[in-house]
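>
Number of protein chains: 2
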Amino acid sequence: MVPRGRPRDAGVEGRVLAAAAEELQRGGYDGLLIDRVAERAGVAKTTLYRRWASKAELVVALIAEMRSEVPFEPTDDPRRDLTGLVTAIAAGLAGTPTTLIADLAAAAAREPRVGESVRALWADRHRAVTAVVANAQEAGLVLGHVAPAVLVDQLVGPLYYRLLVTGEPLTPDYARTLVSSVLGEEKS
Amino acid sequence: MVPRGRPRDAGVEGRVLAAAAEELQRGGYDGLLIDRVAERAGVAKTTLYRRWASKAELVVALIAEMRSEVPFEPTDDPRRDLTGLVTAIAAGLAGTPTTLIADLAAAAAREPRVGESVRALWADRHRAVTAVVANAQEAGLVLGHVAPAVLVDQLVGPLYYRLLVTGEPLTPDYARTLVSSVLGEEKS
DNA sequence: ACATTTTCGCTACCGCAGTTTCGCAAGTAC
DNA sequence: GTACTTGCGAAACTGCGGTAGCGAAAATGT
């Protein structure tokens, strides 16, 4: 099944996604301008629209590619694992422009396809945290008797809350405090 | 000190803010169109810009007016108070279009003035929850020994996390579970 | 009365950004 | 080589925030 007409330039997709990634990082969803992306990729806007139906679809594809595997292997110290994970997530959020997170959340709420994409992106980390929380719970480290999913929300949710709503800083110390609140004080 | 020229139409401000509130409710920040607001208020766009310097400022004023006092008086049952508050916040969020919350968060991240305004809006509820958490802590109902501010984040943060990130529903039952996770299981 | 001052509404316009139209270039099939 | 198919870029279109300029209206002061 050989395609009939002029073949597509194979390099376009990669160049556009790379340019889009940089622009997204710089200015958030709204700050990502199709014009700039096309210019940086060295293609015309129309070429871009032939590959992706809209700006939203472009970002969907971009996020799908971002889904970097965060290889994580639990040790035998759930508290250590959990602190590491939550701290890493906090650092990741703190190191990303707030407008990007907020714009992405807004785009996710507006465009269902973006929502799917973004949720899939976070689902990976969510799964890792859930696993460790379950471990901790089996080891008897957790204070109450609550479903792991809820505890995960109480570990990660506050990070987003601070970032998007109250605007307070996300320090490593805050991450540790969150873990302590769920697991009880550290006995050392 | 009587002003010299033609006085301003006193009704304009109220009509514009009312129209803006409806439009904001319907379509979020981005869905609020200045043209539509002006039309619904029966005012020319220029008149609107004579009162507020930009769309952002208009929304700032709108949110400042929204800051409805939620009169809340703590009873002698902190668990009941807390459950009521968290459930009410969850219901409020669930009853508001997600795009509105997300757009507002994005606008807050982009425009500092909107950020101030939004944070002031949530600060009221935040204060109420903090007070009740402190009560519960004094009464010995709280499991660990963590600062009230952190516990508040762990009660409210998950609501925003579910709404904006994971997309899971905000049920009254979930709100109760959050409270139970912080206060320990209900003994009854 | 009349000049002055300020608001109002109207129309037209600018800039910007997402999206579409269209003519042409580049390739394949016969 | 000719017909057909597809990719491409330039320019135009569209919607929206924001501005400029104008004549008419509504107040104050003399």
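Going line by line, the protein sequences match chains R and H.
Add 73 to a position in the first sequence, counting from 1, and you land on the number used in this note's numbering.
Add 73 to a position in the second sequence, counting from 1, and you land on the number used in this note's numbering.
A virtual CB, placed ideally from N, CA and C, is assigned to each residue, including glycine.
Pop quiz: L173(R) and L97(R) are said to be a contact at Cβ under 8 Å. What is the actual Cβ separation, rounded to whole angstroms?
Their Cβ separation, rounded to whole angstroms, is 7 Å, which keeps L173(R) and L97(R) in contact under 8 Å.
> Compare the C-beta of G257(H) with all C-beta atoms of chain R and state if any pair is closer than 8 Å.
yes
> Taking the alpha-carbon of L216(R) as reference, which of A175(H), E258(H), A182(H) has the nearest alpha-carbon?
E258(H)
> So, for Q227(R): in the same chain, excluding its five sequence neighbours on each side, which residues have a beta-carbon less than 7 Å away from its beta-carbon?
V255
> H199(R) lies in the alpha helix (DSSP H); which residues open and close that run?
185–211
> Please determine, among E211(R), R123(R), R200(R), the residue with the shortest C-alpha to C-alpha distance to I162(R).
R200(R)
> By a C-beta neighbour count over all protein chains shown, 10 Å radius and 16 as the cutoff for buried, is R140(R) buried or exposed?
exposed
> In chain R, what lies closer than 9 Å to D149(H) by C-beta?
Chain R residues near D149(H): none, gap ~23 Å exceeds 9 Å.
> Just reading off the alpha helix (DSSP H) that V219(R) is part of, what are its end residues?
First-last for V219(R): undefined, no H or E at that position.
> Just checking: is the beta-carbon of A137(R) within a distance shorter than 8 Å of some beta-carbon in chain H?
no
> Taking the beta carbon of L106(H) as the centre, do at least 16 other beta carbons fall within 10 Å, making it buried, or is it exposed?
exposed
> Looking at chain H, is there any beta carbon in it that lies within less than 8 Å of the beta carbon of T244(R)?
The beta carbon of T244(R) sits no closer than 8 Å to any beta carbon of chain H.
> Run through chain R and tell me which residues come within less than 7 Å of P231(H), C-beta to C-beta.
D226, Q227, G230
> Are the stretch 115–132 of chain H and the stretch 182–198 of chain H in contact at 8 Å, needing three or more beta carbon pairs?
yes
> Name the two residues that bound the continuous alpha helix (DSSP H) containing P80(H).
For P80(H), there is no enclosing alpha helix (DSSP H), as DSSP marks it with neither H nor E.
> Count the other C-beta atoms from every protein chain shown that fall within 10 angstroms of the C-beta of A83(R), then say buried if there are 16 or more, exposed otherwise.
exposed
> Contact check, V223(R) vs T250(H) under 8 Å by CB: the rounded distance?
5 Å
> What separation, rounded to the nearest whole angstrom, lies between the Cα atoms of T203(R) and V225(R)?
6 Å
> What is the C-beta distance between A178(H) and V238(R), in whole angstroms, given that I count them as a contact (C-beta under 8 Å)?
7 Å
> Would you verify that the beta carbon of T203(R) is, or is not, closer than 8 Å to some beta carbon of chain H?
no
> State the DSSP-derived secondary structure class of L224(R), mapped to helix, strand or coil.
Residue state, collapsed to three classes: helix.
> For D176(H), go through chain R and note every residue whose CB falls closer than 7 Å to its CB, in chain order.
A179
> Is V191(H) near the ligand GDP, judged by its Cβ being under 7 Å from some heavy atom?
The ligand content of the structure shown is nil, which means the ligand GDP is not present either.
> For A117(H), count neighbouring C-beta atoms within 10 Å of its own C-beta (all shown protein chains included) and say buried if the count is 16 or more, exposed if not.
An exposed status is given to A117(H), since fewer than 16 other beta-carbon atoms sit within 10 Å of its beta-carbon.
> Counting only the same chain and skipping the five closest in sequence on each side, list residues whose C-beta sits under 6 Å from that of R113(H).
A92
> Three-state secondary structure (DSSP) at G100(R)?
In this structure, G100(R) counts as helix in the three-state DSSP scheme.
> Taking C-beta pairs closer than 7 Å, name the residues in chain H that T250(R) reaches, listed in chain order.
V219, V223
> Name the chain R residues that come within less than 8 Å of V206(H), Cβ to Cβ?
Under the 8 Å cutoff, chain R gives no residues; its nearest Cβ is about 12 Å from V206(H).
> Give the C-beta separation of A94(R) and L135(R) to the nearest angstrom, bearing in mind that I take them to be a contact with Cβ-Cβ under 8 Å.
6 Å
> May I have the straight-line CA-CA distance separating W125(H) from G100(H), to the nearest angstrom?
20 Å
> Could you tell me how far apart the beta carbons of R88(R) and G115(R) are, in whole angstroms, since I believe they sit closer than 8 Å?
7 Å
> Taking all protein chains shown into account, do 16 or more other C-beta atoms lie within 10 angstroms of the C-beta of P144(H), making it buried, or fewer, making it exposed?
Flag for P144(H) reads exposed.
> When you check each C-beta in the stretch 98–127 of chain R against every C-beta of chain H, which residues fall closer than 7 Å?
none
> Could you give the first and the last residue of the continuous alpha helix (DSSP H) run that contains R124(R)?
118–124
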